[in-house]
Amino acid sequence: MAGLDASLKEMMAIDGAIGAAVVDYNSGMALGFLGGDKDLDLQVAAAGNTEVVKAKLRTMDSLRLTDHIEDILITLGTQYHVIRPVSGRSGQGLFLYVALDRNRANLALARHRLKQIEERLEI
Numbered sequence: 025m026a027g028l029d030a031s032l033k034e035m036m037a038i039d040g041a042i043g044a045a046v047v048d049y050n051s052g053m054a055l056g057f058l059g060g061d062k063d064l065d066l067q068v069a070a071a072g073n074t075e076v077v078k079a080k081l082r083t084m085d086s087l088r089l090t091d092h093i094e095d096i097l098i099t100l101g102t103q104y105h106v107i108r109p110v111s112g113r114s115g116q117g118l119f120l121y122v123a124l125d126r127n128r129a130n131l132a133l134a135r136h137r138l139k140q141i142e143e144r145l146e147i
């Protein structure tokens with residue numbers, strides 16, 4: 025099991041990571057974050073990505089899908105943004121968010137690492 029700070033450090037250790045956050049999607053608030061810069065405000069990203077998660081959950085509900093979201097990928101010209109809802113009981117209502125430099129990141133490996141981090145997260 026890993027705590028919030030350890031999980032954020034692991035997320036930032038993913039090749040190409042430029043910012044990482046653990047977010048409560050009920051409130052839109054980041055419980056913690058690392059990285060970011062003037063072009064990547066992680067507080068704004070947390071709030072905005074909360075709306076993405078909520079919209080997808082509403083859509084799934086409207087479609088009567090009983091499945092779960094593994095991750096949501098947003099591909100930009102120079103970045104990947106990966107959102108992974110936490111499925112464990114201690115993380116209900118949370119998601120992991122990592123922004124990656126597209127030129128330095130391996131998307132498949134990043135998704136795999138994020139899954140491992142999510143499985144060990146203990147809040």
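With the numbering used here applied, the sequence shown covers 25 to 147.
Here a beta-carbon is modelled for each residue, glycine too, at the ideal position from N, C-alpha and C.
Predicted model, so just to flag it, every value in this text is computed and none were measured.
Span separating the alpha-carbon of residue i from that of residue j
{"i": "V122", "j": "K33", "result": "11 Å"}
{"i": "F57", "j": "G43", "result": "7 Å"}
{"i": "I98", "j": "S86", "result": "22 Å"}
{"i": "G72", "j": "G52", "result": "8 Å"}
{"i": "G59", "j": "R82", "result": "30 Å"}
{"i": "A70", "j": "A37", "result": "19 Å"}
Anticipated Cβ contact below 8 Å, residue i with residue j, distance rounded
{"i": "R144", "j": "A45", "result": "Rounded, the Cβ-Cβ distance is 17 Å, inconsistent with contact."}
{"i": "L120", "j": "I96", "result": "11 Å between Cβ atoms; not a contact."}
Per-residue DSSP class, three states only, for residue i
{"i": "L64", "result": "strand"}
{"i": "D39", "result": "coil"}
Beta carbon of residue i nearer than 8 Å to that of residue j
{"i": "V77", "j": "I107", "result": "yes"}
{"i": "D48", "j": "G117", "result": "yes"}
Please list the segments of the alpha helix (DSSP H) lying wholly inside the region 72–146, counting only runs of 4 or more residues, in order along the chain. Secondary structure within the region 72–146: the alpha helix (DSSP H) runs of 4 or more consecutive residues, fully enclosed, are 131–144 (chain order).
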